[in-house]
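J.: Supplied in C-alpha cells, the structure appears directly below.
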Amino acid sequence: MNGPSGLTPNEAADQLGMSRTHLYELPDSGGRDRRIRMCDLAAFEVQRDGDRCELAERFTRQSKTTVGAIDEVVVSAAST
Numbered sequence: 001m002n003g004p005s006g007l008t009p010n011e012a013a014d015q016l017g018m019s020r021t022h023l024y025e026l027p028d029s030g031g032r033d034r035r036i037r038m039c040d041l042a043a044f045e046v047q048r049d050g051d052r053c054e055l056a057e058r059f060t061r062q063s064k065t066t067v068g069a070i071d072e073v074v075v076s077a078a079s080t
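Its first residue numbered 1, the sequence shown is counted upward by one per residue in full-length UniProt numbering.
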C-alpha cells in the first residue's frame with residue numbers, strides 16, 4: 001500500500017526485487033516498522049544501478065587488460 005506515509009518494507013523489497021530480509025540487512029534500513037518514502041526508494045535504485053554499471057565497467061576493463069597481457073606473453077614467447 002503506497003500511501004502518503006510511504007511503502008512498507010515488504011512493498012519496497014518487492015519493487016527492488018529483493019527479499020524483505022535482505023532489505024532489513026541494508027545499512028540505515030530503520031528497522032522493521034519503518035515506512036519507506038518513494039523518493040528514498042528511487043534514490044536507492046539510481047545509486048544501485050550506477051554501482052552496477054561501474055562494476056560492469058571495471059570487469060570489462062580488467063578482462064581487456066588480462067586478455068592484452070596474455071596476448072603480449074604469447075607474442076613474446078612466439079618471438080623467442
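Heads up, the beta-carbon is just placed ideally off N, CA and C, and yes, glycines get one too.
Predicted model only: the values in this text are computed from it and were never measured.
1) Assign Ala78 to one of two classes, buried (16 or more other C-beta atoms within 10 Å of its C-beta) or exposed (fewer than that).
2) State yes or no: is the C-beta of Arg35 within less than 8 Å of the C-beta of Leu7?
3) Please state the DSSP three-state secondary structure of residue 96.
4) For Ala12, count the other beta carbons within 10 Å of its own beta carbon; 16 or more makes it buried, fewer makes it exposed. Which is it?
5) Mapping the DSSP letters down to three states, classify Gly68 as helix, strand or coil.
6) Identify which residue in Lys64, Thr66, Arg37 and Glu45 has its Cα closest to the Cα of residue 111.
7) Per DSSP, what kind of secondary structure is Leu23 in: helix, strand or coil?
T.: Once the coordinates are examined:
1) Along the sequence shown, one-based indexing puts residue 78 at 78. Exposed.
2) Counted from its first residue, the sequence shown places residue 35 at position 35. Counted from its first residue, the sequence shown places residue 7 at position 7. If you check the CB distance, Arg35 and Leu7 come in under 8 Å.
3) With the chain running from 1 to 80 in the structure shown, residue 96 is simply not present.
4) Here residue 12 is taken as the residue at index 12 of the sequence shown, counted from 1. With 16 or more other Cβ atoms within 10 Å, it is buried.
5) For the purposes of this step, residue 68 is identified with residue 68 of the sequence shown, where counting begins at 1. It is helical.
6) With the chain represented from 1 up to 80, any question about residue 111 goes unanswered, as that position is not in the structure.
7) Counting from one through the sequence shown, the residue named residue 23 turns up at place 23. If DSSP states are grouped into helix, strand and coil, Leu23 belongs with the helices.
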